[in-house]
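Protein chains in written order, with the numbering used here: chain A, 16 to 163; chain B, 16 to 163.
C-beta atoms are modelled at their ideal positions from N, C-alpha and C, and glycine is treated no differently.
Since the structure comes first, as structure tokens, the remarks are kept for the end.
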DNA sequence: CTTGACCTTCCCATCATTGGAAGGATTACA
DNA sequence: TGTAATCCTTCCAATGATGGGAAGGTCAAG
């Protein structure tokens, strides 16, 4: 199986498969004489595992831990559970932070006429030096919500 | 006022003030003979506005729009409201996505013994080729939740 | 006049991912 | 068999917002 077929079968792009190999998340793969990577069902299975972990928002670092636990038949389920629960904690803090932003903004928007007049509580609040808006300050990684 | 004092007064780091200037979010500022940037109260006020918008999760691009609306006395409140509500939509979609991840993981963790035994439903689910875990796939920007 | 605290610009790193260029390999079809 | 299309390879760059740090200039207090 070439990388393109493995990408199709696993749902991980060819670009990312090469990247995962380069950072050591997956081992270096067998090549043909001409340098093409060759994948088997086992590799695709691993890639699917990785994709599902990504879909659950695990970082590559966490995924590396999960993969090695997956491949360790002697692993203790508490190690896996600890990673999962730590991630749940991160997710829930982030959810709370976004909810605070959202409710503040909804409140401001509710009090804004939204017509042609220049009076706008949203702007006024942003410009108000005494305002304490969202207590949760987003970190860099989550500040920008726009899609590329 | 030097950049360090402006940073203290506004809550925006000196690094970021220079960055905002470099991308045109704030205009080029007056310099002393020796090249030091000089800020006045008005500039600090603008920086506070920007910081509050950042704290609400607006992207720099959105902030640029908000700043120009703020400084436009003829602006229509509907323009501001539209930006705010669009942002609320983004926030809520992201919240929903994170909630789905979180509840899936909590469910899996609940069914995991978390002891020394190797049986672990979390790993088994990740490895299950038929599994449909989180329907919401995080985009690149939000996939990794780990802090740097 | 020295010391320390500030400022300047410039480059690099983050994190996961995408895009593209340049060039070689393989496949499909006439 | 020739050739065109489609793959593959590596390498480099960009994303967004921010922090870190180096090398060197400036200023204020002692």
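Residue i, DSSP secondary structure in three states
i	result
residue 67 (chain A)	helix
residue 125 (chain A)	helix
residue 11 (chain A)	In this structure chain A extends from 16 to 163, so residue 11 (chain A) is not present and cannot be described.
residue 160 (chain A)	Here residue 160 (chain A) scores only 36 on pLDDT, less than 50, and its place in the model is too uncertain to base an answer on.
residue 46 (chain B)	strand
residue 18 (chain A)	helix
residue 52 (chain A)	strand
residue 77 (chain A)	helix
residue 36 (chain B)	helix
Candidates the options: closest to residue i by CA position
i	options	result
residue 129 (chain B)	A:133, A:90, A:115, A:108	A:90
residue 131 (chain A)	B:131, B:97, B:113	B:97
residue 107 (chain B)	A:31, A:22, A:35, A:115	A:115
residue 104 (chain B)	A:113, A:99, A:49	A:113
residue 57 (chain A)	A:33, A:99, A:16	A:16
residue 42 (chain B)	B:133, B:73, B:62, B:50	B:62
residue 125 (chain B)	A:133, A:99, A:124	A:99
residue 142 (chain A)	B:64, B:35, B:40	B:64
Close-in-space but distant-in-sequence residues of the same chain around residue i (CB under 7 Å, 5 per side omitted)
i	result
residue 94 (chain B)	84
residue 19 (chain A)	29
residue 46 (chain A)	52, 53
residue 127 (chain A)	135, 136, 137
residue 73 (chain A)	81, 102
residue 32 (chain A)	18, 21, 22, 62
Contacting residues, own chain, Cβ-Cβ under 6 Å from residue i (five flanking each side not counted)
i	result
residue 81 (chain A)	68
residue 44 (chain A)	52
residue 24 (chain B)	59
residue 27 (chain A)	62, 66
residue 35 (chain A)	41
Cβ neighbour criterion (16 or more within 10 Å) applied to residue i
i	result
residue 66 (chain B)	buried
residue 109 (chain B)	buried
residue 122 (chain A)	exposed
residue 102 (chain A)	buried
residue 70 (chain A)	buried
residue 92 (chain A)	buried
residue 38 (chain B)	exposed
residue 140 (chain A)	buried
residue 171 (chain A)	In the structure as shown, chain A starts at 16 and stops at 163, and residue 171 (chain A) therefore has no counterpart that could be examined.
residue 50 (chain B)	exposed
- Item | Near-chain A residues of the segment 27-41 of chain B - C-beta to any C-beta below 8 Å | none
- Which residues, in order along the segment 107-122 of chain B, keep a beta-carbon less than 7 Å from a beta-carbon of chain A? 107, 109, 110, 113, 114, 116, 117, 119, 120, 121
- Task: Residues of the segment 84-99 of chain B with a CB closer than 9 Å to any CB of chain A: list them in chain order, please.
- Result: 84, 85, 87, 88, 89, 90, 91, 92, 93, 94, 95, 96, 97, 98, 99
- Between the segment 39-62 of chain A and chain B, which residues of the former have CB atoms less than 8 Å from a CB of the latter, in chain order? Listed in sequence order: 60.
- Task: May I ask you to list, following chain order, the residues of the segment 121-136 of chain A that have a beta carbon less than 7 Å from some beta carbon of chain B?
- Result: 121, 123, 124, 127, 128, 129, 130, 131, 132, 133, 134, 135
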